[in-house]
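Below is one structure, written out as structure tokens; the observations come after it.
2 protein chains.
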Amino acid sequence: MATSRERILDAYADALAVDGERHATLDAVAAKAGVSKGGLLYHFPSKDQLAEALCERLFALAADDVDKMRDAADGPARHYIRTSHYANTPLDRTLVAVARLQQAGDPRARAAIEQISDQWLSVLADALGDRDVARAVKLIGDGLYHHAMSNALGGQPRTPLDEGLLAVIDRLIDQSADAPRT
Amino acid sequence: MATSRERILDAYADALAVDGERHATLDAVAAKAGVSKGGLLYHFPSKDQLAEALCERLFALAADDVDKMRDAADGPARHYIRTSHYANTPLDRTLVAVARLQQAGDPRARAAIEQISDQWLSVLADALGDRDVARAVKLIGDGLYHHAMSNALGGQPRTPLDEGLLAVIDRLIDQSADAPRT
DNA sequence: GTCTATATTGTGATAGAC
DNA sequence: GTCTATCACAATATAGAC
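Chain order of the listed sequences is W and B. Residue numbers are given in the working numbering: position 150 of the first sequence equals residue 150, and the series is strictly consecutive. Going from the second sequence to the working numbering is simple: count from 1 and add 1000.
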């Protein structure tokens, strides 16, 4: 059994991602985590510290993902596109939750997402040897991610990654292998 | 002088985009629009009708933009990339505001953005003659838009579109002209 | 059309029992 | 560690004066 602290953090991330920042109230999170509001506030004395802890969790999960990306068999770029297809993994749930905090104006959330985004871009640029193609690949991946996430949270069915689009992306990635380093 | 109704709608869009959905309260909107809360509620009897009116405004502005895109001198694709660089136009402000509503779980906002997004994709596909390249261009444009918007609202300085990235996009667009229709 | 109350509910946080 | 009260405040919305 996960600790109460972990269950509360899970419930908070879930409430943020699924119901939106506005509905992620202490009441809702406590109910979802199976504790009382008082119980919740013992582990996280304020709502702000809940957000803080969630950002820390995101950093840890993202660091793991960056490592996996570097070691991916088909290369970081194709790994990034593949995993840009929101799949409700712990990283996905946390990233979407923190994105909600960012949209609500939380400066820590904004800084966290920007920093992690920079890490991903660096790995792509190192692997492709071309910062411009790396940016294009990252933008396409980000666009796919937003789209899939928006569908998932809107209750839409999950569609597979389009083969034709993948072919276009493959051409983009392959072209960089020949291009001179910038 | 704009009508009170228009000023209230402007203030609501501004509050949503700049301060986030949570801070776009009736009090805040009324103050920004220079009317009392009671005055606001005369024009929009509920907060829900404010959101409704904003979605309608978005549809009108987006329809204009689709027309401009079709007639763009450098073609719809390059027009889309150019205007993906958040510039605080009326369309930008309204689109970001409605995006905030979507993120807060408003189903009308979600439907509106999806419908407009589909219109843009259709124009791109018609112009490029290749639905897959059109999707890639749209995803890159969307990614650029999110990034520029996030910077603008985070108070970051506005940076010009990167020349190298534009070259990569140009190659992507040009390659579609030769490709067979799908 | 616009204002000033005011009713009502939801939310974050505290106090103190167990 | 977890709970039940309870407080203070903010938010939507209503009623009715001007």
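Where a beta carbon is used, it is the ideal one built from N, C-alpha and C, also for glycine.
How would you call residue i, buried or exposed, if buried means at least 16 neighbouring beta carbons within 10 angstroms?
i, result
"L16(W)", "buried"
"S1150(B)", "buried"
"M1(W)", "exposed"
"L161(W)", "exposed"
"D1067(B)", "exposed"
"Q102(W)", "buried"
"S183(W)", "Residue 183(W) falls outside the range modelled here, since chain W spans only 1 to 182, and no answer is possible."
"G154(W)", "exposed"
"P180(W)", "A caution first: P180(W) carries a pLDDT of 48, below 50, which makes its placement in the model too unreliable to give a value."
"D64(W)", "exposed"
"D1048(B)", "exposed"
"T1094(B)", "buried"
"R158(W)", "exposed"
"A1024(B)", "buried"
"A73(W)", "exposed"
"D118(W)", "exposed"
"E163(W)", "exposed"
Please list, in chain order, all residues of the same chain as residue i whose beta carbon is under 8 Å from its beta carbon, the five residues on each side excluded.
i, result
"S4(W)", "A33, V35, G39, H43"
"K37(W)", "L26, D27, A30"
"I1081(B)", "V1137, I1140, G1141, L1144, L1161, L1166, I1169"
"Q1175(B)", "V1133"
"L1050(B)", "I1008, L1009, Y1012, V1029, F1044"
"A177(W)", "L128, G129"
"E52(W)", "R108"
"H1079(B)", "K1068, M1069, A1072"
Among residues of its own chain, excluding the 5 on either side of residue i, which ones have a beta-carbon nearer than 6 Å to its beta-carbon?
i, result
"S1200(B)", "Only positions 1001 to 1182 of chain B appear in the structure, and residue 1200(B) is not among them; the question remains open."
"A104(W)", "E21"
"R7(W)", "A33"
"I1116(B)", "A1062"
Leaving out five residues before and five after residue i in sequence, what residues of the same chain have Cβ atoms less than 7 Å from its Cβ?
i, result
"P76(W)", "M69, R70, V123, L124, A127"
"V98(W)", "L54, C55, L58, A109, A112, I113"
"A148(W)", "H85, Y86"
"L263(W)", "One cannot answer for residue 263(W) here, as it falls past the ends of chain W, which runs 1 to 182."
"R100(W)", "L16, A17, G20, E21"
"L1172(B)", "V1133, A1136, V1137"
"V1096(B)", "A1017, M1149"
"G1156(B)", "It is worth fixing the name first, because residue 1156(B) is Gln in this sequence and not Gly. Here the set comprises nothing."
### Query
In chain order, what residues of the region 82 to 116 of chain W put their CB closer than 7 Å to some CB of chain B?
R100, Q103, A104, G105, R110
### Task
Can you check the region 1060 to 1133 of chain B for any alpha helix (DSSP H) of at least 4 residues that lies completely inside it and give the ranges in chain order?
Here the runs fully enclosed are 1075 to 1083, 1090 to 1103, 1107 to 1128.
### Task
Please list the residues of the region 129 to 140 of chain W that have a C-beta atom closer than 9 Å to any C-beta atom in chain B, keeping them in chain order.
Within the region 129 to 140 of chain W, the residues whose Cβ lies closer than 9 Å to some Cβ of chain B are D130, R131, D132, V133, R135, A136, K138, L139, I140, listed in chain order.
### Message
Which residues of the region 1020 to 1032 of chain B have a Cβ closer than 9 Å to any Cβ of chain W? Give them in chain order.
### Response
Of all residues in the region 1020 to 1032 of chain B, G1020, E1021, R1022, H1023 have a Cβ within less than 9 Å of some Cβ in chain W.
### Message
Taking beta-carbon pairs under 9 Å, can you tell me which members of the region 1161 to 1180 of chain B lie near chain W?
### Response
D1162, E1163, G1164, L1165, L1166, A1167, V1168, I1169, R1171, L1172, Q1175, S1176
### Query
Going along the region 1033 to 1063 of chain B in order, which residues come within less than 8 Å of chain W, judged by CB to CB distance?
none
### Query
Taking any Cβ of chain B, which residues in the region 148 to 160 of chain W have a Cβ under 7 Å from it, in chain order?
G154
### Message
I'd like the ranges of any alpha helix (DSSP H) spanning at least 4 consecutive residues and lying wholly in the region 1003 to 1036 of chain B.
### Response
1004 to 1014, 1026 to 1033
### Message
Counting only Cβ-Cβ distances shorter than 8 Å, please list the residues of the region 1064 to 1081 of chain B near chain W, keeping chain order.
### Response
Going along the region 1064 to 1081 of chain B in chain order, one finds no residue with a Cβ nearer than 8 Å to chain W.
#### Entry: Complete alpha helix (DSSP H) runs within the region 133 to 162 of chain W (minimum length 4 residues, chain order)
none
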